[in-house]
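Sequences listed follow chains A, B and C, in order. If you count the first sequence from 1, position 134 lands on 1531 in the working numbering, and the numbers rise without skipping. If you count the second sequence from 1, position 35 lands on 37 in the working numbering, and the numbers rise without skipping. If you count the third sequence from 1, position 122 lands on 123 in the working numbering, and the numbers rise without skipping. C-beta atoms are modelled at their ideal positions from N, C-alpha and C, and glycine is treated no differently. Presented below is the structure to which this report refers.
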Amino acid sequence: MLFTLVIHAAPHSLLGSTAYNAYQFAQCLLQEGHSIHRLFFYGEGVHNLNAQAITPQGEFDLPAAWQALITQYQLDSVVCIAAALRRGVLDDNEQRRHQTAQRALANNLLDGSELSGLGQLIDATAHSDRTITFA
Amino acid sequence: MTLHIVSQNNPLALKNCLAVAAADDALMFINDGVYALATHAALAKRPLIYALEEDIKARGLTLSQTVNRIHYRQFVALSCEYNPVQSWY
Amino acid sequence: MEAQTHIAQYDLLFIFSHSPYGSSLGREGLEAALAAGAFDQNMAIIFMGEGLWQLKSEQDTASAQRKNHQKMTSALPMFGIDALYAQASGLDERQLDLSDFYLAAKPVSDATIGVLIRQAKQVLSF
């Protein structure tokens, strides 16, 4: 069965985080032989792919785990560009576009994911058997 | 039939969920949603109540025997069996 | 149980159950719905619980320095999104009625909302 997962939760947030649930659910469904049409990171969920988040030693490194899963299964992983820019998650293009002499910016989107628009979310719901929101 | 996921211990979210869930819909409690099961005894009497074992254990909870404690494999299976899947939080 | 044949079926159903300014959910849900409208989806939006506050008229955000949710939401019909439902029980609980809204929404019972959800192909919740 073909899944799209919409991830609203950040690894560390005010509410108890379902970002870990989303990751484990994704990992499990792939192991069970199902497929992921798209991971769509929206809202606070963009923090899951922030390469500048440093996880203390001995703790589960969720951003690194997402990146490894995305690479291993060649997943289509999209981060909402508007949500990401507001929260300081930038790819190479956006970093260059918004950087100024007064404002140094990092290119901090983890490799393997791309910034794109909400059309990618709508398209994903239309082409998946199941769309599941984790928030 | 719908699979309702309750992922936060938010009384307003739970209220919305219970208001619209039909008797043959399944309810899946994850993350802090499992606290709702621990504190609303009547909830566990409803049929088709599932909760994520990993999240119950993490919080040190003992839940009613009528709650189906399941792992991710069965959570994935439930989400294949039911359609659509709606999250309350 | 109501007769399911009289309740519309949608490919994509949005459930808005959070208030407009308390978190980013109201805004981000609305942006997703507008995107779906632009893609010409067979879609509807259900406003329920705290989400009903999104439709409250007379939102004036100038002094709060927030982007006005009412102005953005008013664009829904222009994007071809006119299937808007409001949870009747939630209206009563908040002492709201349809005349408090700036957009026309159809009041529906909780049972009808349950049927709208189960008949939908996909649901996005904000």
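Within 10 angstroms of the Cβ of residue i, are there 16 or more other Cβ atoms? Answer buried if so, exposed if not.
i	result
C:His-70	buried
A:His-1434	buried
C:Gln-5	The pLDDT assigned to C:Gln-5 is 49, lower than 50, so where the model puts this residue is not dependable, and the model offers no usable value.
A:Asn-1490	exposed
A:Thr-1468	exposed
C:Met-49	buried
A:Tyr-1417	buried
C:Gly-27	buried
C:Ile-46	buried
A:Leu-1534	Since the first residue shown for chain A is 1398 and the last is 1532, residue 1534 of chain A is missing from the structure and cannot be characterised.
B:Ala-44	exposed
A:Ile-1451	exposed
C:Arg-119	buried
C:Asp-93	exposed
A:Ala-1465	exposed
C:Gly-23	exposed
A:Arg-1527	buried
A:Leu-1411	exposed
When you compare the CB of residue i with every CB in chain B, is at least one pair closer than 8 angstroms?
i	result
A:Leu-1344	Because chain A spans 1398 through 1532 in this model, residue 1344 of chain A falls outside it and cannot be assessed.
C:Asp-111	yes
C:Arg-119	yes
C:Ile-8	no
A:Ala-1532	yes
C:Ser-90	yes
C:Ser-20	no
C:Lys-122	yes
Reducing DSSP to helix, strand and coil, say where residue i ends up.
i	result
C:Ser-126	strand
C:Ala-45	strand
C:Gln-5	Per-residue confidence for C:Gln-5 stands at a pLDDT of 49, beneath the threshold of 50, marking its modelled position as unreliable; the derived number appears in the next sentence. Three-state DSSP puts C:Gln-5 in a helix.
A:Gln-1496	coil
C:Arg-67	coil
B:Gln-88	strand
A:Glu-1511	strand
C:Val-109	strand
C:His-19	coil
A:His-1444	helix
B:Met-30	strand
A:Gln-1471	coil
A:Val-1486	coil
A:Phe-1422	helix
B:Arg-71	strand
C:Gln-88	strand
A:Phe-1457	coil
B:Tyr-52	strand
C:Arg-95	coil
Suppose you measure from the CA of residue i to the CA of residue j; what does that come to, to the nearest Å?
i	j	result
A:Phe-1437	B:Tyr-52	26 angstroms
C:Val-124	C:Gly-38	15 angstroms
C:Leu-117	C:Gln-66	36 angstroms
C:Pro-21	A:Ala-1480	16 angstroms
C:Glu-3	A:Ala-1532	Note that C:Glu-3 scores a pLDDT of 49, beneath 50, so its modelled location is shaky; the value from the coordinates is reported in the next line. About 31 angstroms.
A:Thr-1401	B:Leu-5	15 angstroms
B:Pro-49	A:Leu-1482	44 angstroms
C:Lys-122	B:Pro-86	6 angstroms
C:Ala-9	C:Ala-106	15 angstroms
C:Phe-80	C:Gln-42	10 angstroms
A:Ile-1404	C:Ser-64	32 angstroms
A:Glu-1456	B:Ala-60	15 angstroms
C:Gly-91	B:His-42	21 angstroms
A:Phe-1422	A:Ser-1414	14 angstroms
C:His-19	A:Pro-1408	21 angstroms
C:His-7	C:Asp-101	27 angstroms
Between residue i and chain C, is there a C-beta pair that is closer than 8 angstroms?
i	result
B:Pro-49	no
B:Gln-10	no
B:Leu-16	no
A:Ala-1462	no
A:Ala-1406	no
A:Val-1403	yes
Any Cβ of chain A within less than 8 angstroms of the Cβ of residue i?
i	result
C:Ala-33	yes
B:Asn-85	yes
C:Ser-25	yes
C:Glu-94	no
C:Ser-100	no
C:Gln-71	no
C:Ser-126	yes
Could you tell me whether any non-hydrogen atom of the ligand PLP is closer than 7 angstroms to the CB of residue i?
i	result
C:Met-79	No copy of the ligand PLP appears in this structure; indeed no ligand is present at all.
At a Cβ cut of 7 angstroms, what residues of the region 31-60 of chain C count as close to chain A, listed as they run along the chain? Glu-32, Ala-33, Ala-36, Ala-37, Phe-40 and Gln-42
Looking at chain A, which residues of the region 22-35 of chain B have a Cβ within less than 8 angstroms of any of its Cβ atoms? Ile-32, Asn-33 and Asp-34
Going along the region 1411-1442 of chain A in order, which residues come within less than 9 angstroms of chain B, judged by CB to CB distance? Leu-1412, Gly-1413, Ser-1414, Thr-1415, Tyr-1417, Asn-1418, Gln-1421, Phe-1422, Gln-1424, Cys-1425, Leu-1426, Gln-1428, Glu-1429 and His-1431
Between the region 53-83 of chain B and chain A, which residues of the former have a C-beta closer than 9 angstroms to a C-beta of the latter? Leu-54, Glu-56, Asp-57, His-73, Tyr-74, Arg-75, Phe-77, Val-78, Ala-79, Ser-81 and Cys-82
Relative to chain C, which residues along the region 1497-1517 of chain A have a C-beta separation below 8 angstroms, given in chain order? Gly-1514, Leu-1515 and Gly-1516
Give me the subset of the region 1518-1529 of chain A whose CB atoms are less than 9 angstroms from a CB atom of chain B, sorted by chain position. Asp-1526, Arg-1527, Thr-1528 and Ile-1529
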